[in-house]
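If you count the sequence shown from 1, you need to add 163 to reach my numbering.
Ideal Cβ placement from N, Cα and C applies to all residues, glycine included.
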Amino acid sequence: QAEGGAWVRLVPSGQPWAAIRAVLTDPSLPGSPEVLHDIADADERAEQAARQLEERSPSGLAVIVDDFSAQDEGTQRVLAALARRGAVSICTAGEEAPPWADQTAELTPLDRAGVTALVDQVLGEGAPLQALAELIYIASGGQARAAVDLLAVACKEGRASSGNGSGRAREGMRRW
């Protein structure tokens, strides 16, 4: 969770709506897991899924999207619905930006300061995780997507929180 809000990652799948189904049932999100309702109209179904995601994360939601252009049409519709609602932050990776994106950025290799800024952004500034940032930098080689992957694993496995000391962060990184 990032500063009081939750975050999810959408990974492309060959199955329609699969990424959204996975996120709605993700036990790491606050609230009870939800089922994606079978609604014939795709736009209405996307709006319903967007509402469900917002309800699961009333303190805010950040959505990390691996390659928007590789997402199925249903997932793209849900992302557009979330963007229209303005209640979430959406970060996409890949070459093609979504048509509704009002801001885009190209991911370039991160230096140590960039990885530290990423860790601070996700876990909150001042978190005693300099050692974790350093280990993520070394393990990722500065590649932004790899750094995000490593930080995501650290968060999901409870190895990264503002209460972790550098020794615990180092031990957690060894297990990767």
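Could you check where the alpha helix (DSSP H) with residue i kicks off and where it finishes?
i    : result
A244 : E236 to R248
L313 : A307 to K319
T279 : R275 to L286
S176 : Counting along the chain, S176 falls outside any alpha helix (DSSP H), and DSSP gives it neither H nor E.
D405 : For the chain, the structure presents residues 164 to 339; residue 405 sits outside this window and is missing.
Classify residue i: buried if its beta carbon has 16 or more other beta carbons within 10 angstroms, exposed otherwise.
i    : result
Q284 : exposed
Q215 : buried
A212 : buried
I301 : exposed
E210 : buried
Q234 : buried
T255 : buried
G330 : Note on G330: pLDDT 41, under 50, position unreliable in the model; the coordinate value appears next. Exposed, since its Cβ has fewer than 16 Cβ neighbours within 10 Å.
V311 : buried
As a quick exercise: from the options, pick the residue whose alpha carbon is nearest that of residue i.
i    : options                   : result
V251 : D235, S222 and P262       : S222
E217 : A205, G194 and V316       : G194
A205 : Q178, D230 and V241       : V241
V186 : G177, P196 and Q178       : P196
D230 : A317, P261 and R275       : P261
S220 : L273, G305, P190 and S303 : P190
L314 : Q306, A276 and I299       : I299
Pop quiz: residue i and residue j are said to be a contact at Cβ under 8 angstroms. What is the actual Cβ separation, rounded to whole angstroms?
i    : j    : result
T238 : A203 : In fact, because the Cβ distance is near 18 angstroms, the residues do not count as touching under 8 angstroms.
The beta strand (DSSP E) spanning residue i covers which residue range?
i    : result
A225 : L224 to D229
V171 : A169 to L173
Check: Within the chosen definition, does the region 244-251 reach the region 271-282 through at least 3 CB pairs nearer than 8 angstroms?
Finding: Counting Cβ pairs under 8 angstroms, fewer than three are found: no touch.
Notebook entry, point to check: Just checking, does the region 169-180 make contact with the region 212-230 on the three C-beta pairs under 8 angstroms criterion?
Noted result: As far as the Cβ criterion goes, the region 169-180 touches the region 212-230, which means the pair count is three or higher.
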